[in-house]
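Q: Starting off with a structure, shown below.
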Amino acid sequence: MVREQYTTTTQGSTVPVANPEYIYKIGIYGWRKRCLYLFVLLLLVILVVNLALTIWIVRVMWFNSEGMGLLQVKADGVRLEGESEFLFPIYAQEIHSREDSSLLIHSPQNVSLNARNSHGDVTGRVTVGPQLVEAHGQGFEVSSHGGKMLFSADENKAVVGVEKLRVTGPQGAIFEHSVETPQVRAEPFKDLRLESPTRTLIMDAPRGVHIKAMAGNIEATSNLDVLLHTSEGMVILDAENVRLAKLPMGKGGVAGIAQGLYEVCVCPSGKLYLTKAAMTSTCYHSQDC
Numbered sequence: 098m099v100r101e102q103y104t105t106t107t108q109g110s111t112v113p114v115a116n117p118e119y120i121y122k123i124g125i126y127g128w129r130k131r132c133l134y135l136f137v138l139l140l141l142v143i144l145v146v147n148l149a150l151t152i153w154i155v156r157v158m159w160f161n162s163e164g165m166g167l168l169q170v171k172a173d174g175v176r177l178e179g180e181s182e183f184l185f186p187i188y189a190q191e192i193h194s195r196e197d198s199s200l201l202i203h204s205p206q207n208v209s210l211n212a213r214n215s216h217g218d219v220t221g222r223v224t225v226g227p228q229l230v231e232a233h234g235q236g237f238e239v240s241s242h243g244g245k246m247l248f249s250a251d252e253n254k255a256v257v258g259v260e261k262l263r264v265t266g267p268q269g270a271i272f273e274h275s276v277e278t279p280q281v282r283a284e285p286f287k288d289l290r291l292e293s294p295t296r297t298l299i300m301d302a303p304r305g306v307h308i309k310a311m312a313g314n315i316e317a318t319s320n321l322d323v324l325l326h327t328s329e330g331m332v333i334l335d336a337e338n339v340r341l342a343k344l345p346m347g348k349g350g351v352a353g354i355a356q357g358l359y360e361v362c363v364c365p366s367g368k369l370y371l372t373k374a375a376m377t378s379t380c381y382h383s384q385d386c
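In the numbering used here, each residue carries its 1-based index in the sequence shown increased by 97.
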């Protein structure tokens with residue numbers, strides 16, 4: 098330590114003589130010195146621990162010049178390799194996978210994709226749950242690779258844009274309300290069946306209803322009445338043979354003139370019945386209506 102001494106000179110002598118009363122010790126001694134050394138040692142330990150932790154974090158997180166481990170920061174965005182887990186919401190303008198692999202989004206509960214407007218309100222949502230897939234929005238549309246609309250739905254209607262809608266279920270298709278379509282047909286070598294178990298089946302068209310069977314029969318069965326009605330024009334049954342089974346036999350007609358020939362008569366109410374044929378119509382002779 099530095100020591101400063103104050104000296105005095107005697108008369109007739111050139112050698113200074115130190116005065117013990119004016120000798121002062123300058124420095125840190127005692128418990129202050131030990132505390133200073135302890136503080137310096139503590140700072141050194143903290144420095145070493147911080148340096149070790151920094152090296153450990155750098156090695157664990159795989160920091161490098163391009164990013165952090167599998168996360169690479171590039172000029173056009175961020176590239177992430179392998180599997181990653183996000184604990185909080187992620188915001189991105191575009192997410193896509195590599196050209197040689199698929200994009201997999203996995204969650205033990207559900208996966209939700211939200212679209213928000215400038216005010217932060219949710220305008221669209223797609224939720225994939227363990228039992229149900231839900232889509233909320235003003236409209237839903239499915240397009241082909243070429244941009245052609247395949248299916249669209251909104252609050253008022255649903256539109257199928259394909260040329261053919263095919264139902265492959267064993268029970269067919271069930272419609273609770275009306276269906277509008279220009280053509281209904283079955284697959285080749287299959288039967289087409291239109292059925293209403295508890296209500297009325299109505300087929301209506303502004304320019305006519307055409308029922309045609311290329312092979313096989315056409316059957317219309319009802320618990321009550323089968324009505325063929327046209328507001329303008331005629332009801333045409335075009336076939337080689339038209340069979341009207343179980344028609345009642347009228348009491349009129351002239352016997353013996355045309356044996357084995359009968360005439361179909363129509364009542365004003367629309368009821369059909371048979372009468373024996375003659376040279377002229379015999380319907381007016383029979384009033385079985």
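Using N, Cα and C, we set each Cβ at its ideal position, and we do this for glycine too.
1. To the nearest angstrom, how far is the alpha carbon of Glu360 from that of Lys254?
2. What would DSSP say about Val99, mapped onto helix, strand or coil?
3. Looking at the strands, I want to know which residues DSSP matches up with Gly221.
4. What are the residues that DSSP puts in a beta bridge with Ala232?
5. In whole angstroms, what is the alpha-carbon distance linking Pro186 and Ile299?
6. To the nearest angstrom, report how far apart Phe237 and Arg296 are at their CA atoms.
7. Whole-angstrom Cβ separation of Thr81 and Cys380, contact assumed at under 8 Å?
8. Over what stretch of residues does the alpha helix (DSSP H) that includes His370 continue unbroken?
9. Here's the rule: buried if 16 or more other CB atoms are within 10 angstroms of the residue's CB, otherwise exposed. What is Gln102?
10. Suppose the cutoff is 8 Å on Cβ atoms and the five residues either side in sequence are ignored; what does the same chain contact list for Thr318 look like?
11. For Ser366 and Met331, what's the separation of their Cα atoms in angstroms?
12. Would you check if the distance between the CB atom of Phe248 and the CB atom of Val259 is smaller than 9 Å?
13. At the level of alpha carbons, what is the spacing between Lys261 and His233?
14. Going by C-alpha distance, which of Gly217, Ser209, Val170 and His242 is nearest Leu229?
15. Where do the N-terminal and C-terminal ends of the beta strand (DSSP E) with Arg176 fall, by residue?
16. Counting C-beta neighbours from all protein chains within 10 Å, is the total for Cys362 16 or more, i.e. buried, or is it exposed?
17. Considering just the uninterrupted stretch of the beta strand (DSSP E) at Val170, what are its terminal residues?
18. From Gly313 to Thr220, what distance separates their C-alpha atoms?
19. Could you give the uninterrupted runs of the beta strand (DSSP E) lying entirely in the stretch 267–335, keeping only those of 3 residues or more?
20. Can you tell me whether Tyr370 is buried or exposed, with buried defined as 16 or more other CB within 10 angstroms of its CB?
21. Quick one: residues in its chain with C-beta nearer than 8 Å to the C-beta of Arg222, no 5 flanking neighbours on either side, listed in chain order?
A: Put simply:
1. 51 Å
2. For Val99, the pLDDT reaches just 46, beneath the cut-off of 50, and the residue's location in the model is therefore unreliable, although a value from the coordinates is still provided. Three-state result, Val99: coil.
3. Ala212
4. Val223
5. 53 Å
6. 32 Å
7. Any question about residue 81 goes unanswered here, given that the chain covers just 98 to 386.
8. In the sequence as displayed, the identity of residue 370 is Tyr instead of His. No alpha helix (DSSP H) contains Tyr370, which is instead part of the beta strand (DSSP E) from Leu369 to Lys373.
9. Residue confidence is low: Gln102 scores 48 on pLDDT, short of 50, so the model does not pin down where it sits. Its coordinate-derived value is still stated next. By the beta-carbon neighbour count (other beta carbons within 10 angstroms, threshold 16), Gln102 is exposed.
10. none
11. 17 Å
12. Yes, they are a contact pair.
13. 27 Å
14. Ser209
15. Gly174 to Leu177
16. buried
17. Leu168 to Lys171
18. When the Cα atoms are used, Gly313 and Thr220 turn out to be separated by approximately 53 Å.
19. none
20. buried
21. Ser209, Leu210, Asn211, Ala212, Glu231, Ala232, His233 and Gly234
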